[in-house]
Amino acid sequence: MTHTWDSTGSPDTSVLLQSARFCITAAALQQLPADALPEVAFVGRSNAGKSTAINVLCGQRRLAFASKTPGRTQHVNLFSVGLGGAEVARLADLPGYGYASVPLATKQRWERFIAQYLAQRQQLVGLVLIADSRLGLTELDWTLLGYAAPAALPVHVLLTKADKLSRAQQTAAARAVRDALQARAASLRLQAPVSVQLFSATRRVGLREASALLEQWLQPDACAPQDQPAGAPSQAPQTST
Ligand SMILES: Nc1nc2c(ncn2[C@@H]2O[C@H](COP(=O)(O)OP(=O)(O)O)[C@@H](O)[C@H]2O)c(=O)[nH]1
Ligand SMILES: [Mg+2]
């Protein structure tokens, strides 16, 4: 494969992701860059481990601010990736949802904002849905998948904090999420593949798999065509790893 893995530094994430740097914080959709650079959005419940996942995937400590206080990120934070200072794609850290003590009006504003972002942001090439492996997909995650479905975006579910589960529990958690996706795919009208993997930021589990997919989404031309036969039929939705 021609992924740009770093042979010297961190071997389990990609150099492209390691080039991530802060781009912009936006409180409204109009503030997002209007150019055509591909964008991958990270979404999930507050406290699921979204910021931590972004940090570890990008091999940086505080790129996305990871907080012990849930619900702190109330804007879209964009990060640019590209080698040698070039900007070839972006990662978007979306506001977390589902934090219990946030006022209803704020929750509804976030929900509307995320729905509009998913519906209108033409640059989106994929969605990373971060979910706590101990909780699986919750109603708000299903709501979000419903918003994303019309855009026909591929979704990759990262089941985080896998280190908190035994091996058997990890397997069961991943299977439960895949089964639930299969069961709900038709009613959600999912039109693009949904994949699921276990992830742990602390134990660095699943980094390579997640970064390979991200690279493929962000820079499809740079990824080896021999890895996946071009035009291979993809039956939607797939709930594979
Ligand atoms: N054990 C463990 N804790 C994690 C992992 N990922 C995140 N956390 C912790 O979960 C809490 C919430 O993480 P954060 O990234 O801020 O969540 P966010 O609200 O989704 O951005 C923090 O205390 C993190 O240290 C993980 O893979 N394993
Ligand atoms: Mg966060």
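Numbering (the working numbering), first residue to last: 123 to 363. Every residue gets a Cβ at the ideal spot worked out from N, C-alpha and C, and that includes glycine. These numbers were taken from a predicted model, which means no experiment stands behind them.
- Where A323 is concerned, there is no enclosing alpha helix (DSSP H), because DSSP gives it neither an H nor an E.
- Following the DSSP letters along the chain, one finds L281 inside the beta strand (DSSP E) bounded by residues 277 to 282.
- In the structure shown, S136 falls within a strand segment according to DSSP collapsed to helix, strand and coil.
- For T147, the uninterrupted beta strand (DSSP E) run begins and ends at 143 to 148, by DSSP.
- In the three-state DSSP reduction, F164 falls in the strand class (E or B).
- Taking a C-beta distance under 9 Å as the contact criterion, L240 and Y269 qualify as a contact pair.
- Pairing L275 with L246 gives a Cβ-Cβ distance under 9 Å.
- Beta-bridge annotation (DSSP): R330 is not paired with any residue.
- The beta-carbon separation of Q313 and A284, rounded to 28 Å, does not stay under the 8 Å limit for a contact.
- Taking one beta carbon from each stretch, the stretch 149 to 162 and the stretch 223 to 231 have fewer than 3 pairs nearer than 8 Å; the two do not touch.
- Within the model, the alpha-carbon separation for L257 versus L287 is close to 11 Å.
- With a cutoff of 8 Å, S173 counts as near ligand 1, since its C-beta is closer than that to a heavy atom of the ligand.
- In the three-state scheme derived from DSSP, where H, G and I count as helix and E and B as strand, S309 is classed as helix.
- An exposed status is given to L205, since fewer than 16 other beta-carbon atoms sit within 10 Å of its beta-carbon.
- At least one heavy atom of ligand 1 lies closer than 8 Å to the C-beta of R325.
- Contact check for L138 against L340 passes: the beta carbons are separated by less than 9 Å.
- For Q304, the closest alpha carbon among the candidates Q338, E331, L267 is that of L267.
- From the listed residues E161, D134, L216, the smallest Cα separation to S173 is found for L216.
- Residue burial is scored here from C-beta neighbours: E261 has fewer than 16 other C-beta atoms within 10 angstroms and is therefore classed as exposed.
- Around S333, the same chain offers T135, S136, L139, L179 as residues with beta carbons nearer than 7 Å, after the five sequence neighbours per side are excluded.
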